[in-house]
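Below is one structure, written out as structure tokens; the observations come after it.
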Amino acid sequence: MSTQKKRAFQIEAFKHRVVVDPKYAEKTWKVLEHAIHEIYNHNASGLSFEELYRNAYNMVLHKFGEKLYTGLVTTMTAHLKEISQSIESAQGEIFLDELNRKWVDHNKALQMIRDILMYMDRTFIPSNHKTPVHELGLNLWRDVVIHSSKTQARLLDTLLELVLRERNGEVINRGLMRNIIKMLMDLGLPVYQHDFEKHFLDVSANFYCCESQKFIETCDCGDYLKKAERRLNEELERVSHYLDPRSESKITNVVEKEMIESHMHTLVHMENSGLVSMLVDDKYEDLQRMYNLFRRVPTGLTIVKEVMTSFIRDTGKQLIMDPERLRDPVDFVQRLLDLKDKYDKVITMSFNNDKTFQNALNSSFEYFINLNARSPEFISLFVDDKLRRGLKGVGEEDVEIVLDKVMMLFRYLQEKDVFEKYYKQHLAKRLLSGKTISDDAERSLIVKLKTECGYQFTSKLEGMFTDMKTSHDTMQGFYAGQGTELGDGPTLSVQVLTTGSWPTQPSPPCNLPQEILGVCDKFRTYYLGTHNGRRLSWQTNMGTADLKATFGKGQKHELNVSTYQMCVLMLFNNVEQLTCKEIEQATAIPMSDLRRCLQSLACVKGKNVLRKEPMSKDIAEDDAFFFNDKFTSKFFKVKIGTVVAQRESEPENLETRQRVEEDRKPQIEAAIVRIMKSRRTLDHNNIVAEVTKQLQSRFLPNPVVIKKRIESLIEREFLERDKVDRKLYRYLA
Amino acid sequence: MTLVDEVEVEVDVEVEASVPVKKVPYGDIFEASRAGDVERLRYLLETGVNVNARDQWDSVALYYACLVGHLDAARMLLENGAICSEHTFDGDRCHYAALNLKVRKLLKAFEARPPPLEPLQAALRDTFLACVSSTQGSICCHFPPDVVFIVQGKRIQTHRVILSARSPFFKKKFTADWKDRNEVRFSKEKLSYPALYSLIHFFYSDRLEIAIDDMEDLVRICKVCRCESLHKVIEKELIHQKYADYKSLGNVDNSQKRYILQGLSLPEEDRLPAALHRILLTALSNSTHESGQEDKLISMMDAMQMAKSVDDLADVCVKVDRNIFRCHQVILASRSEYFRARLSHMKNFNEGKHDLSVDTLPCVEEHDLSKEAFEKMIEYMYTDRLQDINPDQVCIHPYNLCDSGLSLCHLILICFEQAEEMFDVASRYLLFPLKRAVADVLLPHLEMVSLDEHCHWLILADMYGVFKIREYCLDTIACNFETFADSKEFRAMLLTLPPPSGDSSLRTTVPSIPGSPLNTDQGNLLDDLREKWLAIEAAELDKRDESALQFDKRLEMLMLVAEQEQSSDNTDSDYTRAFLPNHYPDLK
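The listed protein sequences derive, respectively, from chains A and B. Just so you know, we're using UniProt numbering here: the first sequence kicks off at 1 and counts up by one. Just so you know, we're using UniProt numbering here: the second sequence kicks off at 1 and counts up by one.
Below is the structure:
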């Protein structure tokens, strides 16, 4: 026990006696200095870590921290000066190798020194606000080695030269490069930025400026973009291999600026290879490349977008203004759809489905579709065509696709009510003549219109379908109840149409043949018996009839004709010859309709069941008609159409327009009243703006028309002008 | 070291509590919390009750304190490790029950910054987390792990010694079939990674945090690992969770709910320090204590014999004063930066120069160190506490450190000279918490020592940077300045100190901003003494500069006297004797 104790005391005593030794600090420092020398000379394996640490610890403990610290600084500086000289003397290629090797050595030595002096690092340095050993080592390396007059410029030049050589296609030692750059970064971000990055960016900017100039003179747009892309990727790769990740945005900025931004306009407008020709030739890859590159610069995409928009507008305008095209509405709409498909494909494949591009495409379509006032009609005709026959044999999905595309065009229309009008007409024709192919397709289109424009828009269309259905049921009821009484008279099929839902023009009923009248009257009594208080009026101008006729040589045919034609033909059951005038008197068909009807019966080759004298295209009042005994046809059933162009004739067109205008008036008035009811007072401009907004989904109201409507409302005392401010309107409830 | 100081909670404790504080002299922790009887609570916490225990109504003490709104009681509980995380059952109830916003703010503050772990647990947890982060690629800067578990495709890097210490299962495995493997791959689907991770994290840090969803897996793992007390607690909690109703969280999904367990909730022998203590004892019993034998060969033979007989998983030998201690690198490196550097530099420096290739373990030698001090130090490193190792050594006062917050540290310290050596060891091996712990033990004894010993301790404290002792000595000297001025030893000491700077800018006529860094810096001793003296003597602020000048003159005079004394008294080592430990009367 006591021996142990004494030993402990001895150690303590020894430790404190060293303070007495005035040369203690000097001696200990010599030991440590020697150790540092040895460490730098790779001779550390002969040293004892414990002993060195203890020495350093005791020095700091006995307040020689300052001496230790300054000693460390001097010794390390001296060593680094030596190193610096040896690096400077390295020739040519091996310069970087030497620098790297010394840096690795220095780091290793520094770590060892720091560990030996750890006690100083932990206690003396924080309380005296000195630089910690590791940081000190880095700072000294920076100041003595990197910033030595010879090395600094040489290092920079070497590094930049290596980069240049790599850009020119040579293979360089990337590992070494990475180590050196890493060294600069370890020395602190400012060192890296100031000593390397700044110059690197300058040199790069120069390089790419020259290169892009060279390329733009020799290459076409696609090649140029390929080269630019490759350069960009090279720089990205360079950053990931041996530069600081934070430099990435900087160097790509340089490349973008030099390679793309400064030549943007030249590239886009380049003749024979610019954006326009890419679009024409469907060069999706090139377009995609252009998109990806131009996206990187601030105004790049705007330029691309503008050029694309103006190009689409031009093509669209040409298409829409081409009188050739206007002849065939179906083809016209098909072309529009193709155009749209093409650009949709460009945007999805090359432009990354960019929303702004989609918007640009939409706005350009909206622009040129509305240039032609007849677009709504054509679109409706296209649908009509498709639903009449075009959809035969195609699957459900395909029908949907076609309809969706049509809806897309529909969305571009400003005058949706015009479309509605035409659509209603076409639908009515389809329904009444039973020519719709698929009920599902019809209904699905109606649903689409409904989601697009609201319930109001389609309520009448839906009403038409309901009528068709109830008529069917009524007819079934009629025949079930009275089938036996009717005998073998003509079979009647009545469609009861609700007034208002259908686009009917009031027309005086013609005189039906006796055979038919009987059945008609029976139906009337039956119908009115089940439905009280309704009024039925026959729309003879819309029906059809199937007639069985026997011609000369006993040839039998079934003729499919309109009601008017049926009336005309029935007359010939009894007489051989009739003039136009006589027919008109007998049937009371309006003259214009009768002419058309006779024309179709007598003048169409292969369907001329009547013979006309004289043989001319036009029908005069005095022309005589005979039953054509010699009529032949390969078919048993012969369909005799009415000579009506599918497209409306000019005057009819004007008429439709007029009706549309008429229909718009109450809508505008309703909108005005709605707005005023909630606002009470509003000035003129605001009313116009609000009305336009409210009606936008149906059509674009003309401000002049709105003004007229307002005036009319004032007249009818719905509104009044404010007495002080004449621009202000007041709502009178 | 107190935990109280390290948690800054910016909650004003209402001095006038709204509820009259009742005394419950015989109450348990729940009653004390409910009554807000802080003294009783402190006493209970000092005796080591489990602060997170639940009573028969499923409530924890913190719940009552929050419910009634006793801020100081709640704070005391929180500082002692009460769990208040909102996603746990107990924490949720506390948040829900909190009487007012102040209480809730307190809970939030502690949830955001829980009181730090004790040094041992914190150091080991850092090591573990460094191992975890190093799996993502970077090189482990701490001590490298020696075994890797691969569970569900993920790696957990750990150290054998810690796992063996905590679980008999791992201990057996590591001595048997996993002995030479450094990678263990579990292919069973049942073994869940989060549960195993939580458990191993618990092994290192004595703090378990686990999602409720993973608890079943954990129970299974605990059973396999034979962590019985933990198994019991978790199993009980699992049943409890089935019926647990989280009130303030509402419909938070199960995956966010957590369970947190502090080591304090387990019996002492199952906590980290006790486990490591067992490991240490095994290792120590295997270490050679050379008693006068000079023949190295024989001791080497002994060591080799021992290595074969018992496997204590030691992976390094430390040779101190002709004794060889078997230690564990991970613990040495985690606790002391010095050892971390030392062990990582084994190749760079000539360390094995004695060629003591004892059973192929690497060996490091430490000089200038007594065996006793080293034993105490490694005990502190392994267990966070200091205990009398040699029973035949005389103890002055068994002293309990509870009031400073370290309830675990039953420090029984010894004699002053050993304290001095402990200071030396603590600063040399960069074990700063140890320094504080020793200082706490030492401080009460300083009241009884003589004048010259005050001087002695002042010098020492200044040298080793023990602020507590230094402050204490300066205070004493400043209070009794005249008495000290009369003593020869004090005057002699003055000569050894650097003169006061005389820089008036250092003089704090203006009170410095609280918390500014300058205050804590170790400055000139005499400058500090002057400050203390001024604070005590010069009540008038406007006369401070004058008084300071007077004090400086006084010091100069005293130094002159001292020089005269020294020259007349030509026994040159005399003045240094004052600071030598020999000066103490031999206790034997």
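For glycine and all other residues, C-beta sits at the position ideal for the given N, C-alpha and C.
Under 7 Å by beta carbon: chain A residues contacting residue i
i, result
"B:M215", "Within 7 Å Cβ-Cβ: nothing; B:M215 doesn't reach chain A, min ~42 Å."
Short CB-CB distance (under 8 Å) between residue i and chain A
i, result
"B:S568", "no"
"B:A341", "yes"
"B:D177", "no"
Any chain B beta carbon closer than 8 Å to residue i
i, result
"A:E377", "no"
"A:R54", "yes"
"A:M112", "yes"
"A:D186", "no"
"A:D115", "yes"
"residue 742 of chain A", "The structure shown does not extend to residue 742 of chain A, since chain A is modelled only from 1 to 733, so the question has no answer here."
Proximal chain A residues relative to residue i, where beta-carbon distance stays under 9 Å
i, result
"B:G465", "T123, S127"
Classification of residue i by the beta-carbon crowding that lies within 10 angstroms, buried from 16 upward
i, result
"A:M321", "exposed"
"A:N573", "exposed"
"B:Y48", "The question names Tyr, yet the displayed sequence has Gly at residue 48 of chain B. Exposed is the call here."
"A:L700", "exposed"
"B:K154", "exposed"
"B:L369", "buried"
"A:Q514", "exposed"
"B:A123", "buried"
"A:G543", "buried"
"A:W103", "buried"
"A:S350", "buried"
"residue 779 of chain A", "Past the boundaries of the shown model lies residue 779 of chain A; chain A is included only from 1 to 733, so the question cannot be answered."
"B:I112", "Looking at the sequence itself, residue 112 of chain B is Ala, so the reference to Ile does not match. With fewer than 16 Cβ atoms within 10 Å of its Cβ, B:A112 is classed as exposed."
"B:S205", "buried"
Cross-chain neighbours of residue i in chain A, by beta carbon under 8 Å
i, result
"B:E337", "M118, R122"
"B:H367", "E50, E51, R54"
"B:L430", "M118, Y119, R122"
Beta-bridge pairing of residue i - partner residues as DSSP gives them
i, result
"B:C317", "B:R326, B:C363"
"B:I200", "According to DSSP, which records beta bridges pairwise, B:I200 is partnered with nothing at all."
"A:Y422", "Paired residue(s): none; A:Y422 is not in a bridge."
"A:N179", "DSSP, once it has assigned bridges, lists no residue as partnering A:N179."
"residue 735 of chain A", "Nothing about residue 735 of chain A can be reported from this structure: the residues present for chain A run from 1 to 733 only."
"B:E209", "B:I260"
"A:E452", "Looking at the DSSP assignment, A:E452 forms no beta bridge with any residue, so it has no partner."
9 Å Cβ cut-off: residues of chain B touching residue i
i, result
"A:L61", "D424, S427, R428, M463, Y464"
Amino acids of chain B, ordered along the chain, whose beta-carbon sits closer than 8 Å to that of residue i
i, result
"A:Y412", "Within chain B, no residue comes near A:Y412; the closest Cβ sits about 48 Å away, beyond 8 Å."
Inter-stretch contact at 8 Å, needing at least 3 Cβ pairs: the stretch 52-72 of chain B / the stretch 98-114 of chain B: yes
At least three beta-carbon pairs within less than 8 Å, the stretch 332-344 of chain A to the stretch 416-424 of chain A: no
Contact between the stretch 162-179 of chain A and the stretch 125-144 of chain A (3+ Cβ pairs under 8 Å): no
The stretch 222-238 of chain B contacting the stretch 271-285 of chain B, beta-carbon criterion three pairs below 8 Å: Taking 8 Å as the limit for Cβ pairs, the verdict is that the stretch 271-285 of chain B does not touch the stretch 222-238 of chain B.
Inter-stretch contact at 8 Å, needing at least 3 Cβ pairs: the stretch 611-626 of chain A / the stretch 653-669 of chain A: No, because fewer than three Cβ pairs between the stretch 611-626 of chain A and the stretch 653-669 of chain A fall closer than 8 Å, the two stretches do not touch.
Contact between the stretch 166-186 of chain B and the stretch 89-97 of chain B (3+ Cβ pairs under 8 Å): no
Three CB pairs or more closer than 8 Å across the stretch 703-711 of chain A and the stretch 680-690 of chain A: Because the criterion of three Cβ pairs below 8 Å is met, the stretch 703-711 of chain A and the stretch 680-690 of chain A touch.
Three-pair Cβ contact test at 8 Å for the stretch 68-86 of chain A versus the stretch 112-122 of chain A: yes
Sufficient close CB pairs (3 or more, under 8 Å) joining the stretch 72-83 of chain B to the stretch 30-42 of chain B: A contact exists between the stretch 72-83 of chain B and the stretch 30-42 of chain B.
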